[in-house]
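Participant: First the structure, then my questions, so here it is.
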DNA sequence: CATTGACACTCTGTAATTCAGAGTTATAGA
DNA sequence: TCTATAACTCTGAATTACAGAGTGTCAATG
């Protein structure tokens, strides 16, 4: 069966990686605001992504107050693409236009 | 930000629900074989889906050996559709043809 | 008819994950 | 300098995920 990278297939991390992919380099505070998540939780998930080299950090300190900038690595981007492909194979996402108006393809769900 | 139903956004449960959506009513053993998962784990996740009314069970006993047939409920199907829509909004899944050949849209990932 | 084996679950405990808030360091303003 | 605030980081509790042991039923065999 289709394998879904457990590192990416988690609500907060999926959002996190998707956001980084779309928006590019982000500070800790920006991520915190955008994802509406607690400090500790964000830190924990970022740590996992850093440990897997899906995300890299660049720390700045000296001029203003210290800040960390987080960015998706090539590995992270590749993993995200694999993940999206796995989802597409698993869920018939494509083929029903934009929004799946009629319901999930394949079944009408007989409730008999 | 986009909310991803945590009940569905978990590797095994996503596969489980997607499989039920595509294949219709399935026995416990069929699910176990298809998803290559341990008894206890399958049971635990089915319990969650049953508790949420995403899945219903029909138990047969009398003629052969007792068997449980699991099927997606209308609520489960609706939740799955919502979930797919949420994914589509979160990840730019559509628009790049069949398989995202070029990479994730939106960024080329400057590693500078 | 008792016994053995296999199937179909279900229960229980452990390991891993997720999360929130307390703690730490550093800057900015009064 | 003293206080407030921003930007993290650490710690521990609660939830979740998982595997294997346990329970009950049926079929086959002697």
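Chains as they are written, first to last, in my numbering: chain A, 270 to 381; chain B, 270 to 381. The beta-carbon is built from N, C-alpha and C at its ideal position, and this holds for glycine as well.
Classify residue 309 of chain A as buried or exposed, calling it buried when 16 or more other Cβ atoms lie within 10 Å of its own Cβ.
Facilitator: Exposed, by the Cβ-count rule.
Participant: Residue 306 of chain A by DSSP, collapsed to three states: which one?
Facilitator: Coil at residue 306 of chain A, not helix or strand.
Participant: Cβ atoms of residue 323 of chain A and residue 273 of chain A: under 8 Å apart, would you say?
Facilitator: No, they are not a contact pair.
Participant: Beta-carbon separation of residue 300 of chain B and residue 286 of chain B under 8 Å?
Facilitator: Contact flag unset, no.
Participant: Identify the contact partners of residue 304 of chain A in chain B, using a Cβ-Cβ distance below 9 Å as the criterion.
Facilitator: Residues of chain B passing the Cβ test: 270.
Participant: So residue 290 of chain A packs on residue 346 of chain A, CB below 8 Å; how close in whole Å?
Facilitator: That belief holds up - the Cβ atoms of residue 290 of chain A and residue 346 of chain A are roughly 7 Å apart, short of 8 Å.
Participant: Closer than 8 Å by beta-carbon distance: list the chain A residues that pair up with residue 295 of chain B, in chain order.
Facilitator: Here the premise fails: no neighbours, minimum Cβ distance about 12 Å.
Participant: State the beta-bridge partners of residue 341 of chain A as determined by DSSP.
Facilitator: Beta-bridge pairing links residue 341 of chain A to A/324.
Participant: May I ask you to list the residues that DSSP assigns as paired with residue 296 of chain B?
Facilitator: Partner(s): B/338.
Participant: Cβ closer than 9 Å: which chain B residues qualify as neighbours of residue 278 of chain A?
Facilitator: Those within 9 Å of residue 278 of chain A in chain B are 278, 279, 280, 283.
Participant: Measure from the alpha carbon of residue 271 of chain A to the alpha carbon of each residue in B/320, B/317, B/284, B/270, then state which is nearest.
Facilitator: Residue B/284 is the option with its Cα nearest to residue 271 of chain A.
Participant: Measuring only the C-alpha atoms, how far is residue 281 of chain B from residue 303 of chain B?
Facilitator: Distance between the alpha carbons of residue 281 of chain B and residue 303 of chain B: 11 Å.
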